[in-house]
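The numbering used here puts the first residue of the sequence shown at 27, with every later residue one more than the last. In what follows, a structure is listed as structure tokens, so that the remarks can point back to it.
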Amino acid sequence: MQRDSIANTIGVALCLCIVCSVVVSTAAVVLRPAQERNKVMERKRNILQAAGLYTPDKPLEELFKQVETRIVDLRTGEFVEPSVVNPETFNQRAAARDLATSQRLPSGEDAAGIGRRENYSFVYLIRREGRLAQIVLPIYGKGLWSTLYGFLALDADLDTVDGLTFYEHAETPGLGGEVDNPDWKQQWVGKQIFDDEGMIRIQVLRGKVNEEQPEAIHQIDGLAGATITSRGVSNLVQFWLGEGGFAKLLENLRKQSSS
Ligand SMILES: Cc1cc2nc3c(=O)[nH]c(=O)nc-3n(C[C@H](O)[C@H](O)[C@H](O)COP(=O)(O)O)c2cc1C
Numbered sequence: 027m028q029r030d031s032i033a034n035t036i037g038v039a040l041c042l043c044i045v046c047s048v049v050v051s052t053a054a055v056v057l058r059p060a061q062e063r064n065k066v067m068e069r070k071r072n073i074l075q076a077a078g079l080y081t082p083d084k085p086l087e088e089l090f091k092q093v094e095t096r097i098v099d100l101r102t103g104e105f106v107e108p109s110v111v112n113p114e115t116f117n118q119r120a121a122a123r124d125l126a127t128s129q130r131l132p133s134g135e136d137a138a139g140i141g142r143r144e145n146y147s148f149v150y151l152i153r154r155e156g157r158l159a160q161i162v163l164p165i166y167g168k169g170l171w172s173t174l175y176g177f178l179a180l181d182a183d184l185d186t187v188d189g190l191t192f193y194e195h196a197e198t199p200g201l202g203g204e205v206d207n208p209d210w211k212q213q214w215v216g217k218q219i220f221d222d223e224g225m226i227r228i229q230v231l232r233g234k235v236n237e238e239q240p241e242a243i244h245q246i247d248g249l250a251g252a253t254i255t256s257r258g259v260s261n262l263v264q265f266w267l268g269e270g271g272f273a274k275l276l277e278n279l280r281k282q283s284s285s
């Protein structure tokens with residue numbers, strides 16, 4: 027066969043395609059466990075960051091020992107034992123998609139724009155001297171281009187925000203992507219969720235917070251040029267703190283701490 031014949035060219039191209047696809051698929055399979063491990067580590071780092079407990083100079087696993095991972099039944103606000111739902115194997119995203127382990131949210135009750143809400147959720151508790159010191163809640167919901175996944179940490183009073191982080195989203199860098207800006211995230215620290223009547227008041231504004239106003243304690247500056255992402259974050263935080271989210275758990279924890 028001539029070296030520059032059509033058959034030879036096609037043959038070489040085919041061989042090259044097969045070799046490349048084998049290399050790419052082998053790499054994908056071999057690297058998957060490492061990618062999964064990295065995702066878990068990234069989530070743990072974000073949980074610690076939300077709670078203000080992350081320092082890069084200590085091993086992550088060491089820092090994470092102070093965090094107790096629990097599963098809560100969102101329908102009752104009660105913790106469930108590992109024999110019911112095992113935190114080692116529980117896949118919350120899969121549970122949210124599965125018709126058997128989630129419930130459809132009517133549009134009027136779906137501020138986070140998630141369609142369905144899983145029956146069980148992870149929560150992360152930090153205790154000091156045997157008492158609950160902080161709780162970290164996984165939160166997620168629609169922004170402009172993507173679903174934002176993150177964590178909201180509350181102080182022992184279950185009202186004061188200790189921090190907010192997002193570990194996954196696809197909002198535009200410099201616009202909605204500014205949810206990752208440390209200065210913006212810092213604004214959340216010390217804000218209060220509820221007013222004196224127990225209504226959820228935490229809110230991302232359109233524009234700047236007027237610190238002179240008493241409502242400022244519940245308000246965060248909107249992201250410039252990213253009104254839709256800002257509104258999305260506001261809505262998803264309110265949703266997860268409300269009846270569709272962790273309200274029953276927070277109520278139970280309040281009762282426990284006052285008894
Ligand atoms: C390329 C491009 C990317 C954008 N990315 C975002 C985004 O991530 N989040 C967002 O809320 N708005 C984003 N916007 C702007 C929205 O389309 C919309 O105009 C904006 O949310 C309105 O906010 P404003 O009133 O603060 O300008 C983007 C616009 C363009 C053209």
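Backbone N, C-alpha and C fix where the C-beta goes; we use that ideal spot for every residue, glycine too. Predicted model, so just to flag it, every value in this text is computed and none were measured.
When beta bridges are read from the DSSP output, ALA121 appears opposite no residue. Three or more beta-carbon pairs separated by less than 8 angstroms link the region 115–123 to the region 136–143, which places the two stretches in contact. Only residues of its own chain outside the window of five on either side were considered, and among them ALA137, ALA138, GLY167 and GLY271 have a CB closer than 7 angstroms to the CB of PHE265, listed in chain order.
Contact check for ILE161 against LEU174 fails: the beta carbons are separated by 8 angstroms or more. Proximity to SER147 across ARG130, ASP181, ILE219 and PHE116 peaks at PHE116, based on C-alpha coordinates.
DSSP places SER147 in the strand class (E or B) of the three-state scheme. Within the same chain, Cβ atoms closer than 7 angstroms to the Cβ of GLY251 are found at LEU201, the five residues on either side in sequence being excluded.
ARG232 carries a coil assignment under DSSP once its states are collapsed to helix, strand and coil. Secondary structure in the region 74–148: the beta strand (DSSP E) runs of 3 residues or longer, each lying completely within the stretch, are 93–99, 104–106, 128–130 and 142–144 in chain order. Within a 10 Å sphere around the beta-carbon of VAL66 sit fewer than 16 other beta-carbons, which makes this residue exposed.
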